[in-house]
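Colleague:
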Amino acid sequence: MRITRVIACITMAVMLGLLSGCMAPRTFVRTLEPTWATIELRTDVPYEKAWASLVDSLVKRFDIEVISKEDGYIRTGWLYSWTGRAMETYRVRVTAKFSPDHSKVEVKSEAEYGGPGNWTAGYDTRLLETLKTDIMGNMGRTTR
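Under my numbering, the letters of the sequence shown match residues 1 to 144, in that order.
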């Protein structure tokens, strides 16, 4: 009876370990429409400096897939290690665009969970907050 109980406990522990590796991160929010965050830029920051700051912030964490300074648009490639470890079942990327008058920048965090052929779309709340904090610190207006 004691051995049966030990085997049951070990089996349960292994199953929990396997299942926890299959779960989406807590920061993943399932949605078909990822959320855009808008950051108003300080008026004393010229577009050239704002653009360079945005690009610098993104290249520190991501590879750039699409970039157009003239259009004020940048999109990163998919990153599979945002959670701190490489995961083939979770990936994130960032899209950012400046308004036509360069007074604000909009950023979008996209996240997908599941794996090839079985992706579930959403966004990552931690990534979006990190981006907003970085941009606000470099060129954004302070809010009261």
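Beta carbons: idealized from backbone N, C-alpha and C, even for Gly.
Helix, strand or coil, according to DSSP, for T143 in the structure here?
Modeller: Summary for T143: the model assigns pLDDT 47, below 50, so the residue's position carries little reliability; its value from the coordinates is reported in the next sentence. In the structure shown, T143 sits in coil (DSSP, three-state: anything other than H, G, I, E or B).
Colleague: Just confirm the distance between the C-beta atoms of S57 and D134, as a whole number of angstroms; I'd bet it's less than 8 Å.
Modeller: Yes, they are in contact, since the Cβ atoms of S57 and D134 sit about 5 Å apart, within 8 Å.
Colleague: Looking at R141 and R26, is the spacing between their C-beta atoms short of 8 Å?
Modeller: Their beta carbons are not under 8 Å apart, which means R26 does not touch R141 by this criterion.
Colleague: I'd like to know whether the C-beta atoms of S81 and V94 end up nearer to each other than 8 Å.
Modeller: For S81 and V94, no; Cβs fall outside 8 Å.
Colleague: With DSSP as the reference, label A96 as helix, strand or coil.
Modeller: Note: A96 maps to strand in three-state DSSP.
Colleague: With distances taken from CA atoms, which of G137, N118 and L127 is nearest R61?
Modeller: The shortest C-alpha separation from R61 is found at L127.
Colleague: Report the start-end ranges of each beta strand (DSSP E) in the region 30-71 that is 3 residues or longer and not cut off at the edges.
Modeller: Those beta strand (DSSP E) runs which fall completely within the region 30-71 and span 3+ residues are 36-40 and 64-68.
Colleague: Cβ of A50 within 8 Å of Cβ of M139?
Modeller: Contact flag set, yes.
Colleague: If you draw a straight line from the alpha carbon of F98 to that of V55, how long is it in whole angstroms?
Modeller: Cα to Cα, the separation comes out at about 12 Å.
Colleague: Apply the 10 Å Cβ neighbour rule to T31 and answer buried if 16 or more other Cβ atoms are within range, or exposed otherwise.
Modeller: With fewer than 16 Cβ atoms within 10 Å of its Cβ, T31 is classed as exposed.
Colleague: According to DSSP, what are the bridge partners of L127?
Modeller: DSSP, once it has assigned bridges, lists no residue as partnering L127.
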